[in-house]
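Encoded as structure tokens, the structure appears first; notes follow it.
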Amino acid sequence: MAGFKSIRAMVQVEISPRCLSNPHKAVYAKIASHILFYSSRVHATPLSFSIIGINNTGCISSDSGDVLISVLVEYIVFVLLEGDRIMSIDGRAFGIFQIEVDGDTEYTGMLTIRQIQSNPKSPLMTISGTRSD
Numbered sequence: 137m138a139g140f141k142s143i144r145a146m147v148q149v150e151i152s153p154r155c156l157s158n159p160h161k162a163v164y165a166k167i168a169s170h171i172l173f174y175s176s177r178v179h180a181t182p183l184s185f186s187i188i189g190i191n192n193t194g195c196i197s198s199d200s201g202d203v204l205i206s207v208l209v210e211y212i213v214f215v216l217l218e219g220d221r222i223m224s225i226d227g228r229a230f231g232i233f234q235i236e237v238d239g240d241t242e243y244t245g246m247l248t249i250r251q252i253q254s255n256p257k258s259p260l261m262t263i264s265g266t267r268s269d
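Following my numbering, the numbering of the sequence shown begins with 137 at its first residue and continues without gaps.
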């Protein structure tokens with residue numbers, strides 16, 4: 137069932153050595169850049185986050201020279217699962233997510249989610265489904 141939930145995750149964040157004077161700001165900016173992008177890893181869309189803790193030490197990436205830091209983050213995420221039934225109005229679910237139902241991108245009505253995927257043209261996910269009126 138579609139809804140919101142809170143999750144905690146340990147994430148690895150790469151920051152430039154230039155940012156080591158204020159790593160919290162660099163970590164915040166890096167994590168913020170992923171908000172509203174569908175994550176297939178957690179099968180949800182992060183809506184907001186709070187940094188719980190930042191590791192004081194990190195590893196240097198041999199490829200870029202950036203510092204890899206472990207960060208504990210609490211996210212509020214929006215969860216949709218395959219098989220959920222949702223409403224689409226003019227090809228949008230919840231007013232923001234793009235819907236495609238049997239090839240129709242302007243569908244209005246109830247649908248059953250068949251697939252959720254990242255949209256390369258937008259940070260928001262694209263939902264494919266079948267009519268379930």
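From the three backbone atoms N, C-alpha and C, an ideal C-beta is built for every residue, glycine too.
Per DSSP, Y211 is one residue of the beta strand (DSSP E) stretching across V203 to V215. The Cβ-Cβ distance between P159 and G201 does not fall below 8 Å. Within the model, the alpha-carbon separation for I235 versus N192 is close to 43 Å. With fewer than three CB-CB distances shorter than 8 Å, the region 141 to 150 does not count as touching the region 221 to 233. Here L208 has R144, M146, I188 and G189 as same chain residues with Cβ atoms under 7 Å from its own Cβ, once five neighbours each way along the sequence are excluded.
Between R221 and T248, the C-beta gap is smaller than 8 Å, which places the two residues in contact.
Beta bridge pairing from DSSP links M223 with M246.
Its Cα nearest to that of S175, the residue S254 stands out among S254, D269, R267 and S264. Excluding five sequence positions before and after H179, none of the CB atoms of its chain fall closer than 6 Å to its own CB. For I171, the CB contacts under 6 Å within the same chain, skipping 5 residues up- and downstream, are P182 in chain order. Membership of P182 in any alpha helix (DSSP H) is not indicated; the residue belongs instead to the beta strand (DSSP E) covering T181 to I196. Here R177 carries a coil assignment [DSSP, helix/strand/coil].
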